[in-house]
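Going down the list, the protein sequences come from chains A and B.
Sequential numbering of the first sequence, starting at 150, is according to the numbering used here.
Sequential numbering of the second sequence, starting at 192, is according to the numbering used here.
Each residue gets a CB set at the ideal place from its N, CA and C atoms; glycine is no exception.
One structure below.
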Amino acid sequence: MTVMQRREFLTAAALATGGALITSRLAFARTAAGGRRSRFVVVILRGALDGLAAVPPYGDRDYGRLRGEFALRAPGQPKGALPLNGFFGLHPSLGFLGQSYAARELIVFHAVASPYRERSHFDGQDVLENGTTVPHALQSGWLNRALAAVPGEHSRDAGVALGQNVPLVMRGPAEVTSWSPSKLTGLDDDTLARITDLYARDPLLSVRLADALMADRVATEQQGGMAQDMSAAPRVAAAPNTAPGQAAPPPANQPPAAPAPGGAYAETVRAAAGFLRQQDGPQVAVFDTTGWDTHANEGGAEGQLAGRLAALDKGLATLKGELGPVWKDTAVLLVTEFGRTAAINGTRGTDHGTATMAFLAGGAVAGGRVIADWPGLSSRALYQGRDLMPTLDLRCVLKGVLDEHLGIPARSLEATVFPQSERSRALQGLIRA
Amino acid sequence: MQQLGSTIAANRFGLGARPGELASIGGDGRDWLRAQLHHAPPALADAQLASCQEVLGEAFALQREIQQARRSGNDVQQKLPQFLQPIYKSEATARFQQAVMTDRPFIERLTQFWTNHFAVSTDKQYMAGLAGSFEREAIRPRVLGNFGDLLVAAEMHPAMLLYLDNQLSVGPHSPTAIRAGLRSRGNNNRPPGINENLGREILELHTLGVGGGYTQYDVTTFATVITGWSVGGGNGLWASGPPGRFVFRPDQHEPGPKTVLGRKYGDKGYEQGVEVLNDLAQHPSTARHIATKLARHFIADDPPPAAVERLARAFTEFGGDLPSVYRVLIATPEAWEQPLGKYKTPNDFIVSSYRGLSLPVDAAHGPLAPFELLGQRTWQPGSPAGWPDRSADWDGASALLKRVEWADAVGGRLGSRRNAAELAPQLLGANLTEATGTAIARAASAQQAMTLLLSAPEFMRR
Numbered sequence: 150m151t152v153m154q155r156r157e158f159l160t161a162a163a164l165a166t167g168g169a170l171i172t173s174r175l176a177f178a179r180t181a182a183g184g185r186r187s188r189f190v191v192v193i194l195r196g197a198l199d200g201l202a203a204v205p206p207y208g209d210r211d212y213g214r215l216r217g218e219f220a221l222r223a224p225g226q227p228k229g230a231l232p233l234n235g236f237f238g239l240h241p242s243l244g245f246l247g248q249s250y251a252a253r254e255l256i257v258f259h260a261v262a263s264p265y266r267e268r269s270h271f272d273g274q275d276v277l278e279n280g281t282t283v284p285h286a287l288q289s290g291w292l293n294r295a296l297a298a299v300p301g302e303h304s305r306d307a308g309v310a311l312g313q314n315v316p317l318v319m320r321g322p323a324e325v326t327s328w329s330p331s332k333l334t335g336l337d338d339d340t341l342a343r344i345t346d347l348y349a350r351d352p353l354l355s356v357r358l359a360d361a362l363m364a365d366r367v368a369t370e371q372q373g374g375m376a377q378d379m380s381a382a383p384r385v386a387a388a389p390n391t392a393p394g395q396a397a398p399p400p401a402n403q404p405p406a407a408p409a410p411g412g413a414y415a416e417t418v419r420a421a422a423g424f425l426r427q428q429d430g431p432q433v434a435v436f437d438t439t440g441w442d443t444h445a446n447e448g449g450a451e452g453q454l455a456g457r458l459a460a461l462d463k464g465l466a467t468l469k470g471e472l473g474p475v476w477k478d479t480a481v482l483l484v485t486e487f488g489r490t491a492a493i494n495g496t497r498g499t500d501h502g503t504a505t506m507a508f509l510a511g512g513a514v515a516g517g518r519v520i521a522d523w524p525g526l527s528s529r530a531l532y533q534g535r536d537l538m539p540t541l542d543l544r545c546v547l548k549g550v551l552d553e554h555l556g557i558p559a560r561s562l563e564a565t566v567f568p569q570s571e572r573s574r575a576l577q578g579l580i581r582a
Numbered sequence: 192m193q194q195l196g197s198t199i200a201a202n203r204f205g206l207g208a209r210p211g212e213l214a215s216i217g218g219d220g221r222d223w224l225r226a227q228l229h230h231a232p233p234a235l236a237d238a239q240l241a242s243c244q245e246v247l248g249e250a251f252a253l254q255r256e257i258q259q260a261r262r263s264g265n266d267v268q269q270k271l272p273q274f275l276q277p278i279y280k281s282e283a284t285a286r287f288q289q290a291v292m293t294d295r296p297f298i299e300r301l302t303q304f305w306t307n308h309f310a311v312s313t314d315k316q317y318m319a320g321l322a323g324s325f326e327r328e329a330i331r332p333r334v335l336g337n338f339g340d341l342l343v344a345a346e347m348h349p350a351m352l353l354y355l356d357n358q359l360s361v362g363p364h365s366p367t368a369i370r371a372g373l374r375s376r377g378n379n380n381r382p383p384g385i386n387e388n389l390g391r392e393i394l395e396l397h398t399l400g401v402g403g404g405y406t407q408y409d410v411t412t413f414a415t416v417i418t419g420w421s422v423g424g425g426n427g428l429w430a431s432g433p434p435g436r437f438v439f440r441p442d443q444h445e446p447g448p449k450t451v452l453g454r455k456y457g458d459k460g461y462e463q464g465v466e467v468l469n470d471l472a473q474h475p476s477t478a479r480h481i482a483t484k485l486a487r488h489f490i491a492d493d494p495p496p497a498a499v500e501r502l503a504r505a506f507t508e509f510g511g512d513l514p515s516v517y518r519v520l521i522a523t524p525e526a527w528e529q530p531l532g533k534y535k536t537p538n539d540f541i542v543s544s545y546r547g548l549s550l551p552v553d554a555a556h557g558p559l560a561p562f563e564l565l566g567q568r569t570w571q572p573g574s575p576a577g578w579p580d581r582s583a584d585w586d587g588a589s590a591l592l593k594r595v596e597w598a599d600a601v602g603g604r605l606g607s608r609r610n611a612a613e614l615a616p617q618l619l620g621a622n623l624t625e626a627t628g629t630a631i632a633r634a635a636s637a638q639q640a641m642t643l644l645l646s647a648p649e650f651m652r653r
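Rendered as structure tokens:
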């Protein structure tokens, strides 16, 4: 047996012990209506992104008063917003998203919110991810339950979380995996076989190990793709059988990780693209971003938030480049747990609020539109006198995307993915026919 | 055959058995835990560690230097991280050493628990240099004291005030705000005002807990109560006072009485905030919140309601006296029923490996690299909620493979210098299964035996 064949054998063995029947990795490949194989990326913006900064409603007469020195000006003016539709603009740091809008590959949603109406980050994120109206109501996420509801044969690892662990939105009954680059040498096959054996009677660890090996194999098959780009170490390839007392660099001597070239998200989005490019790899990827909790010195066209938005924008541009031809089949959803106060607070920042924006970008998106039932920013129009009033339930967006892009049946959307959401109808026409 | 009690005491309540520890604990483990509560909490040995005041005084001075240099076109932005990072490394290394070496591991676990309860995170400015002194100055000396004292010390520490932005928060009717309002007439600058961040997180995370019965009104009012709680030696309006120390700024404090959670507090300046904190410390919601977190940490991800109830009652009955609460925890039968009910965090996994294998924490050889690799950088939970404490947050596929790979690298480094077959019963005690024992005994090499020991299902859990 060559090393690779042996590894494949081990993976299959590990999968079998994990209790699932694997027919073929082609089982991952599913197609939405029209024969296209859709890819879906969910980016969670943790910390409550200020929707009035990311998508400034410069045409609203109360906006300048509320935002003071940080109000973004109309497009064309110095440090002005990027143009959207004459009323809303985009933060000037979001150049790639601005181009996407012009190319009809971006839908901007505004005054949108999950059903959560308090102001705790952690409960807000829980509701955003669990897909119900109540924090901690379920221990699984809507994205996972959607994968579990895909018609046809069930498969493993249709979803991948970029990171060591899986965020709530992706946890649940459907088999998913997680992947992050390793700086360590791979295990030799014999040791791996023995550990697989040792985990055989452990329902959690056997499944996790099998999933990790599967993801590792998919990653490694990206020859010249992300493995090379990311020094992701072709771990599955020739790992010599290490003799006792030899080899394996001491972990204590590892230098700290150098910042990835190409911005804060380069490594993550390259990995995501590496998985999604595969014809028979995962169809859905999810990753987290943080740093959006701008209580003090938030900045306007420039400053703290501007820098973070620029990094995010660059990451999305990199994602498009890395996906190559697959971009046309891709939708990328960017969501945050809630918005921030309409007015600047006493420390040149914003406190926790309610409604905010969401983005849906990608070649599969029927874009070039802002979807918002704008409530206005007058004192009477604000939610509890302080926050942007929600006029669109985020679940309407999520249901629309899951229906049109991933082909999730409507009855599953209502019954399991978003229980008790029948009043929040799926938005239609978000995805290109 | 080791007794289950000593195994649980060392691995769940402690930080992982060291060779010989299970034998010396003997009995059912409860006495060993109670004995650790008797003396003052141990301080960290390293006398080189700088106080918060020293670090922050220097950091503020550097920050001013950087701002001046920027005005003259020089980019010296790196100076601040260059100053703070070595402090972080020394502090985190000293903490790691303490965790590996201590013979009161229950106290060390409690220290880490409380630091995580009052979490600051090093991804915010200055925190890399302050997280260590925060733990040493505010948390560590009080983990065997009263919760109310711990609460006040944590909220008043400059690291917390800076982390949750309170040092800049100004009462809207304070003398400072009124003066600024007069000055800014006609221009677009908003006068200084409150910042809700610290007020909200005290209520939500540190005391009552979310759903603990507070409203947005309470958040906003409480934020005005603690206006003026600040740090000396900042810029502009915040320049006065000893650099890097807590100062109360009467001019920035919102004047007048305030009502929080239905109780009216007269304006006594700084004291107003302390009074609210004292009441919060004794609130039934706080008792329930703390009891739930302790039970989740020491019993199970979804702790039995009866155990939570018992701990909450003890918290109230003993007026927040923490050792009394810990004694009830030790006596809680549910904590001893599921031997491997908790999945280790990366920190638990690393510390228990070092303890079990008697590995040196060598300050000269990147001692913090394992934390980076396995995904739990010390004092960097990324949010004021701290690190999560459930299996699902840590048991990801990639995370597991990394633990196994790291175990293999450790095994490779040690070679035949440790005997995994001899260590297995000493570390895993009554939890050691026949399958693991056999796998280790039949390993093809010393490295492989070590990899199997550290990867074993019963070593991944506590």
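Review point. Measuring CB to CB, does G400/B end up less than 8 Å from G511/B?
Key: no
Review point. Any C-beta of chain B sitting closer than 8 Å to the C-beta of G488/A?
Key: no
Check your understanding: Is it the case that the Cβ atoms of V192/A and V481/A are separated by a distance below 8 Å?
Key -> V481/A is positioned such that its CB atom lies closer than 8 Å to that of V192/A.
Review point. Does the segment 458–475 of chain A come within contact of the segment 408–416 of chain B, defined as at least 3 CB pairs closer than 8 Å?
Key: no
Check your understanding: Applying a beta-carbon distance threshold of less than 8 Å, which residues of chain A neighbour K593/B?
Key -> Residues of chain A whose Cβ lies closer than 8 Å to the Cβ of K593/B are, in chain order, Q313, S329, S331, L333.
Exercise for review: For R391/B, return the contacting residues in chain A, with the cut-off set at a CB-CB distance below 9 Å.
Suggested key: R268, S269, D500, H501
Review point. Using a Cβ cut-off of 7 Å, which residues of the segment 464–497 of chain A contact any Cβ in chain B, in chain order?
Key: Residues I493, N494, G495, T496.
Practice item. Rank Y265/A, R222/A, A359/A, G273/A by C-alpha distance to the C-alpha of E451/A and give the top, closest one. Key: R222/A
Exercise for review: Could you please tell me which residues of the segment 427–459 of chain A, in chain order, have their CB closer than 7 Å to any CB of chain B?
Suggested key: Flagged, chain order: T439, H444, A445.
**Study point:** Closest residue to K280/B among G628/B, A555/B, W597/B, W578/B (Cα-Cα distance)
**Key:** A555/B
Point to revise | Straight-line Cα distance separating R574/A from Y212/A | key: If you take the alpha carbons of Y212/A and R574/A, they lie about 30 Å apart.
Exercise for review: Run down chain B in chain order and give the residues with a C-beta less than 7 Å from the C-beta of Q248/A.
Suggested key: Those do not exist, as Q248/A stays about 30 Å from chain B at its closest Cβ, beyond 7 Å.
Practice item. Figure out for me which residue from A226/B, P383/B, I385/B has the closest Cα to the Cα of S515/B. Key: Proximity to S515/B across A226/B, P383/B, I385/B peaks at A226/B, based on C-alpha coordinates.
Review point. Who are the neighbours of L336/A on chain B, taking C-beta pairs under 8 Å?
Key: V595, E596, D599, T642
Check your understanding: Over what stretch of residues does the alpha helix (DSSP H) that includes D580/B continue unbroken?
Key -> D580/B -> no alpha helix (DSSP H), and no H or E assigned at all.
Practice item. Determine the DSSP secondary structure at N307/B, reduced to helix, strand or coil. Key: helix
Review point. Which same chain residues, not among the five before or five after D356/B, have their C-beta less than 6 Å away from its C-beta?
Key: N386, N388
Check your understanding: Based on Cα-Cα distance, which residue from H444/A, A445/A, V435/A, R457/A lies nearest to A413/A?
Key -> R457/A
Check your understanding: Listed in chain order, which residues of the segment 614–639 of chain B have Cβ atoms closer than 7 Å to some Cβ of chain A?
Key -> Residues of the segment 614–639 of chain B whose Cβ lies closer than 7 Å to any Cβ of chain A, in chain order: A626, T627, A630, A635, S636, A637, Q638, Q639.
Exercise for review: Tell me whether Q358/B is buried or exposed, calling it buried when 16 or more other Cβ atoms sit within 10 Å of its Cβ.
Suggested key: buried
**Study point:** Segment limits, alpha helix (DSSP H) that includes T450/B
**Key:** Careful: T450/B lies outside any alpha helix (DSSP H), inside the beta strand (DSSP E) at 449–451.
Check your understanding: Residue ranges of each beta strand (DSSP E) run of no fewer than 3 residues wholly in the segment 533–557 of chain A, ordered along the chain?
Key -> none
Practice item. Decide yes or no for the touch test of the segment 235–247 of chain B against the segment 321–337 of chain B: beta carbon pairs closer than 8 Å, at least 3 of them. Key: Under the three-pair Cβ rule at 8 Å, the segment 235–247 of chain B counts as touching the segment 321–337 of chain B.
Review point. Looking at the unbroken beta strand (DSSP E) that takes in L255/A, where does it start and where does it end?
Key: 255–262
Point to revise | Extent of the continuous alpha helix (DSSP H) run through L592/B | key: 588–605
**Study point:** Counterpart residues of L509/A in DSSP-defined beta bridges
**Key:** I256/A, L482/A
Check your understanding: Where does the unbroken beta strand (DSSP E) through S503/A begin, and where does it stop?
Key -> The sequence as given places Thr at residue 503/A; Ser does not occur at that position. Premise fails: T503/A is in no beta strand (DSSP E) and is neither H nor E.
Practice item. State yes or no: is the C-beta of W441/A within less than 8 Å of the C-beta of R216/A? Key: no
Check your understanding: Three or more C-beta pairs closer than 8 Å, one from the segment 500–511 of chain A and one from the segment 196–206 of chain A: is that the case here?
Key -> yes
Check your understanding: Going along the chain, which residues of the segment 306–332 of chain B sit with their C-beta nearer than 8 Å to a C-beta in chain A?
Key -> Residues passing the 8 Å Cβ filter: D314.
Exercise for review: Could you please give the first and the last residue of the uninterrupted beta strand (DSSP E) stretch that includes F189/A?
Suggested key: 188–194
Review point. Which residues in the same chain have their Cβ closer than 8 Å to the Cβ of S324/B, if we skip the five residues on either side of it in sequence?
Key: L240, A241, S242, C243, V246, E282, A350
Check your understanding: Closest Cβ-Cβ distance between N202/B and chain A: below 8 Å?
Key -> no
Review point. Taking 8 Å as the CB-CB limit, is A584/A close to chain B?
Key: Residue 584/A lies beyond the residue range present for chain A, which begins at 150 and ends at 582; the question has no answer from this structure.
Review point. Between T293/B and the rest of its own chain, which residues show a CB-CB distance below 6 Å, the 5 nearest in sequence each way excluded?
Key: E299
**Study point:** Three-way DSSP call (helix, strand, coil) for N279/A in this model
**Key:** helix
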